[in-house]
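K.L.:
Can you read through this structure? Questions will come right after.
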Amino acid sequence: MAKGYWVSAYRTIADPEKLAAYNRLAGPAVEAAGGRLLARGGRIVAHDAGIAERTVLIEFDSFERAVAARASAAYQEALATLADGVERDFRIIEGLD
135 MAKGYWVSAY RTIADPEKLA AYNRLAGPAV EAAGGRLLAR GGRIVAHDAG IAERTVLIEF
195 DSFERAVAAR ASAAYQEALA TLADGVERDF RIIEGLD
């Protein structure tokens, strides 16, 4: 079964306090859903239309688990906290089997 991945590429961080509040809730929500943090922040080299801002990569055992984690009540609470604190490109992608 192919794994699922969350890829979050932040374009701007308008409110670091909202991002910090989101992180406090999102981390446990992702972990409870079986997600494993592979990369967050760190060094970035952006190409083409990319922006060298915060990027997060999370792995799940399946694409379906990744989708379900995003829809979970715990993660939705984290998103409500984040609100308009950032502008990001968030994708759920299926890995290769």
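Per the numbering used here, the very first residue in the sequence shown carries number 135; after that it's consecutive. Just so you know, even glycine gets a beta-carbon here, dropped at the ideal spot from N, CA and C.
Return the chain-ordered list of same chain residues with a C-beta closer than 6 Å to the C-beta of Arg225, the five sequence neighbours on each side being excluded.
P.N.:
Within the sequence shown, numbered from 1, the residue matching residue 225 stands at position 91. So the qualifying residues of the chain are Val141.
K.L.:
Locate the beta strand (DSSP E) running through Leu191, then write down its first and last residues.
P.N.:
What you label residue 191 is simply residue 57 of the sequence shown in a count that begins at 1. Looking at the DSSP string, the run of the beta strand (DSSP E) that includes Leu191 is Thr189 to Phe194.
K.L.:
Determine the direct distance from the alpha carbon of Met135 to that of Gly169, and round the result to whole angstroms.
P.N.:
The residue labelled residue 169 in the question sits at position 35 within the sequence shown. The residue labelled residue 135 in the question sits at position 1 within the sequence shown. Straight-line spacing of the CA atoms in Gly169 and Met135 works out to 16 Å.
K.L.:
Within the same chain, show all residues whose beta-carbon is closer than 7 Å to that of Ile178, passing over the 5 residues directly before and after it, in chain order.
P.N.:
Translated into positions along the sequence shown, residue 178 becomes position 44. Short of 7 Å from the beta carbon of Ile178, and not among the five residues preceding or following it, lie these beta carbons of its own chain, in chain order: Ala186 and Thr189.
K.L.:
Going by DSSP in three states, Leu159 sits in which element: helix, strand or coil?
P.N.:
As a working note, residue 159 is residue 25 in the sequence shown. Looking at Leu159 - three-state DSSP - the assignment turns out to be helix.
K.L.:
Counting along the chain, where does the beta strand (DSSP E) carrying Leu171 start and finish?
P.N.:
As a working note, residue 171 is residue 37 in the sequence shown. Unbroken beta strand (DSSP E) run through Leu171: Arg170 to Arg174.
K.L.:
What's the gap between the Cα of Glu228 and the Cα of Pro150?
P.N.:
Residue numbering aside, residue 228 sits at position 94 when the sequence shown is read from its first letter. Residue numbering aside, residue 150 sits at position 16 when the sequence shown is read from its first letter. CA-CA distance, Glu228 to Pro150, rounds to 30 Å.
K.L.:
What residue does the alpha helix (DSSP H) around Arg199 start on, and which one ends it?
P.N.:
In the sequence shown, counting from the first residue as 1, residue 199 sits at position 65. Segment Phe197 to Ala205, the alpha helix (DSSP H) holding Arg199.
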